[in-house]
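Below is one structure, written out as structure tokens, with a few remarks after it.
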Amino acid sequence: DSGVTQTPKHLITATGQRVTLRCSPRSGDLSVYWYQQSLDQGLQFLIQYYNGEERAKGNILERFSAQQFPDLHSELNLSSLELGDSALYFCASSVRVGGRARDTQYFGPGTRLTVL
Amino acid sequence: AQTVTQSQPEMSVQEAETVTLSCTYDTSESDYYLFWYKQPPSRQMILVIRQEAYKQQNATENRFSVNFQKAAKSFSLKISDSQLGDAAMYFCAYRSAYSGGSYIPTFGRGTSLIVHP
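Residue numbers (the numbering used here), protein chains in the order written: chain A, 38 to 153; chain B, 25 to 141.
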């Protein structure tokens, strides 16, 4: 168990709908990262938050957005869903120590999204 | 930009044997971290091993060890006494250690390991 939790585990919805994925980082971790993994694909970085602020953006569609709340949990919002959005969405967390990136990313179990 | 290459899409090994998964990376930085993650059929991403570039000693975690060749930019994973539970996709990842960066790791495309009984 990595200590990172994600809900829900599975989500089935229809095209055009909007969903929210939730992530709780490990205790003490300030950074949250979101990744998308389609079937037989590698990990695609979407976005990173650090202590409530957006820190880095990857290949995130405009239909997708995220935020990190004061209690450090994060939500990924996916709207106007398309069939191609079906994927496994991972959240990972880490923490910086001093000025050196001593942290390691620990992944949650993922949310499997199916768009029908 | 850093790149990570895993040249073996698939590898197979007999149970109890040893297998080595290769990973090469390209970077101009001298301080960084390298990781191997395992993704079994459950699709959970599990950290296997971590290497700090400024440490010459190769990291080891039980049956898992790495061969880190900094000059060659190579970071291979050796699995000894392979077990059926080792069957998974293995991802190599690179991450900068410099402050001020976003610390977004770069992942390879993965190597699928098959373990034969």
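Glycine is no exception: its CB is placed at the ideal position from the N, C-alpha and C atoms.
Only a predicted model underlies this, so the values are computations on that prediction, with no experimental measurement involved.
Host beta strand (DSSP E) of residue i (start-end)
i	result
E155 (chain A)	Nothing about residue 155 (chain A) can be read from this structure; chain A reaches only from 38 to 153.
T44 (chain B)	V43 to L45
D50 (chain B)	T48 to D50
F82 (chain A)	Q81 to Y87
Q105 (chain A)	F101 to Q105
A129 (chain A)	A124 to S131
L71 (chain B)	I70 to E76
Q73 (chain A)	S68 to Q74
K94 (chain A)	E90 to K94
L48 (chain A)	H47 to T50
I97 (chain A)	First-last for I97 (chain A): undefined, no H or E at that position.
Q26 (chain B)	Neither: Q26 (chain B) is in no beta strand (DSSP E) and is coded neither H nor E.
K135 (chain B)	Per the sequence presented here, residue 135 (chain B) reads as Thr, with Lys not at that position. First-last of the beta strand (DSSP E) with T135 (chain B): T135 to H140.
S61 (chain A)	V56 to S61
Neighbour list for residue i in chain B, Cβ cutoff strictly below 8 angstroms
i	result
G79 (chain A)	F115, F131, G132, R133 and G134
Proximal chain A residues relative to residue i, where beta-carbon distance stays under 9 angstroms
i	result
I73 (chain B)	Here the premise fails: no neighbours, minimum Cβ distance about 10 angstroms.
F59 (chain B)	T141 and Q142
Chain A residues whose Cβ lies nearer than 7 angstroms to that of residue i
i	result
R151 (chain B)	Nothing can be reported for residue 151 (chain B): it is not among the residues displayed for chain B, which extend from 25 to 141.
I138 (chain B)	Those do not exist, as I138 (chain B) stays about 15 angstroms from chain A at its closest Cβ, beyond 7 angstroms.
Residue from the options whose Cα sits closest to the Cα of residue i
i	options	result
L108 (chain B)	B:E85, B:Y56 and B:L137	B:L137
L118 (chain A)	A:F127, A:L150 and A:F144	A:L150
L58 (chain B)	B:S104, B:D105, B:T135 and B:K94	B:K94
A103 (chain A)	A:R59, A:G53 and A:L67	A:R59
T44 (chain B)	B:A117, B:S106 and B:T130	B:S106
F144 (chain A)	A:Y72, A:L67 and A:T52	A:Y72
R87 (chain B)	B:V72, B:Q32, B:Q80 and B:I103	B:I103
D110 (chain B)	B:S46, B:Y56, B:Y127 and B:P65	B:P65
Q26 (chain B)	B:L101, B:Y127, B:V139 and B:K62	B:Y127
S64 (chain A)	A:L109, A:L113, A:F82 and A:Y86	A:L109
F115 (chain B)	B:K79, B:H140, B:S46 and B:E76	B:S46
A117 (chain B)	A:L125, A:T141, A:A124 and A:Y126	A:T141
Q68 (chain B)	A:K94, A:F127 and A:Q81	A:F127
L153 (chain A)	A:G147, A:G79 and A:S123	A:S123
G132 (chain B)	B:R119, B:H140, B:S54 and B:V90	B:R119
S54 (chain B)	B:Y78, B:F99, B:T48 and B:T130	B:Y78
Within chain A, partners of residue i - CB distance below 8 angstroms
i	result
I128 (chain B)	Y70, F82, Q85, A93 and G95
For a minimum of 4 consecutive residues, which ranges assigned as the alpha helix (DSSP H) are wholly contained in the region 81-130 of chain B? none
Decide yes or no for the touch test of the region 48-56 of chain A against the region 76-86 of chain B: beta carbon pairs closer than 8 angstroms, at least 3 of them. no
Flag this pair as touching only if the region 35-52 of chain B and the region 100-114 of chain A have three or more C-beta atom pairs under 8 angstroms; answer yes or no. no
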